[in-house]
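Which chain is which? The protein sequence lines are L and R, in order. Here the numbering used here is used: the first residue of the first sequence is 1, the next is one more, and so on. Here the numbering used here is used: the first residue of the second sequence is 1, the next is one more, and so on. From the three backbone atoms N, C-alpha and C, an ideal C-beta is built for every residue, glycine too. None of these values were measured; they are calculated from a predicted model. Reading through the structure tokens given below for one structure.
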Amino acid sequence: DQQVKQNSPSLSVQEGRISILNCDYTNSMFDYFLWYKKYPAEGPTFLISISSIKDKNEDGRFTVFLNKSAKHLSLHIVPSQPGDSAVYFCAAPFSGGYQKVTFGTGTKLQVIP
Amino acid sequence: DTEVTQTPKHLVMGMTNKKSLKCEQHMGHRAMYWYKQKAKKPPELMFVYSYEKLSINESVPSRFSPECPNSSLLNLHLHALQPEDSALYLCASSPLDRGINSPLHFGNGTRLTVT
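Structure representation (structure tokens):
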């Protein structure tokens with residue numbers, strides 16, 4: 001049962017434009033969400049997070065939006081750069097310790113120069 | 001450079017072999033994890049160690065045996081694996097004293113091929 005879903009397996013964006021990556025979840029008990037970026041032959045690296053008490057969190061070019069009523073979050077990258085080309089995973093830890101983290105299926109972003 | 005170091009980077013083993021994957025971190029994190037990732041799939045949690053004690057086992061077959069000798073080291077012992085166990089095995093660590101604000105720090109993984 002995939003409790004965190006990313007319905008777009010891939011996305012292509014021109015350099016300098018906005019990239020929007022989407023994530024949906026089914027478990028209303030999730031109260032914290034993270035985005036990880038993964039380059040080939042490397043492990044995932046943490047990018048940005050958001051608590052369920054917020055609806056937006058911004059860090060430089062990266063902004064995550066959370067819509068709890070829709071159980072939806074999105075990652076915006078502005079402006080997109082070729083170095084942003086990677087696979088992006090959204091993730092959510094289960095409450096009660098937060099060590100059990102479930103990952104979405106991933107979206108492969110390609111930023112075209 | 002990743003702060004979580006995994007060795008070896010690549011491993012090919014037969015179904016009758018015994019091998020071990022190793023992971024090391026020096027960030028003082030007291031939670032360590034093993035994840036398995038198949039091609040075009042998300043990482044799947046296998047085991048979690050908290051304060052050097054096994055706290056989560058996601059119903060992983062016994063041919064995978066984790067070990068946490070100390071707070072910096074995590075091993076995954078492999079025995080009698082099947083070809084379908086071929087995957088990227090990722091180690092991760094996180095602090096345990098920051099509540100939900102504890103992102104995982106991943107190593108670069110061991111690419112395992114079972115022949």
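Under the criterion of a Cβ to heavy atom distance below 7 Å, does residue i qualify as lining the ligand ATP?
{"i": "R:LEU11", "result": "Looking at this structure, you won't find the ligand ATP or any other ligand, since it has none at all."}
So if DSSP puts residue i in a beta bridge, which residue, or which two residues, is it bridged to?
{"i": "L:GLN81", "result": "L:GLN81 pairs with nothing; no bridge assigned."}
{"i": "R:ALA87", "result": "R:LEU112"}
{"i": "L:ASP59", "result": "L:PHE62"}
{"i": "L:GLN2", "result": "Looking at the DSSP assignment, L:GLN2 forms no beta bridge with any residue, so it has no partner."}
{"i": "R:THR7", "result": "R:LYS22"}
Tell me whether the beta-carbon of residue i lies closer than 8 Å to the beta-carbon of residue j.
{"i": "R:ALA92", "j": "L:GLN99", "result": "no"}
{"i": "L:HIS72", "j": "L:THR63", "result": "no"}
{"i": "L:TYR32", "j": "L:SER12", "result": "no"}
{"i": "L:ILE20", "j": "L:SER74", "result": "yes"}
{"i": "L:GLY43", "j": "R:PHE106", "result": "yes"}
{"i": "R:LEU81", "j": "R:LEU21", "result": "no"}
{"i": "R:LEU90", "j": "R:GLN37", "result": "yes"}
{"i": "L:ASN27", "j": "L:GLN6", "result": "no"}
If we define contact as Cβ-Cβ less than 8 Å, is residue i a contact residue for chain L?
{"i": "R:GLY28", "result": "no"}
{"i": "R:PHE106", "result": "yes"}
{"i": "R:SER55", "result": "yes"}
{"i": "R:PRO42", "result": "yes"}
{"i": "R:VAL48", "result": "yes"}
{"i": "R:LEU21", "result": "no"}
Does any CB atom of chain R fall closer than 8 Å to the CB of residue i?
{"i": "L:THR63", "result": "no"}
{"i": "L:PRO40", "result": "no"}
Listing by chain order, which chain R residues have their CB less than 8 Å from the CB of residue i?
{"i": "L:SER49", "result": "ASN101 and PRO103"}
Taking residue i as the query, report the chain L residues whose CB atoms sit under 7 Å from its CB, ordered along the chain.
{"i": "R:ALA31", "result": "GLN99"}
So which residues of chain R does residue i contact, with C-beta pairs closer than 7 Å?
{"i": "L:GLY60", "result": "Within 7 Å Cβ-Cβ: nothing; L:GLY60 doesn't reach chain R, min ~16 Å."}
- request: With 7 Å as the C-beta to C-beta threshold (strictly closer), list the residues of the stretch 72-83 of chain R near chain L in chain order.
  value: Hits within the stretch: zero.
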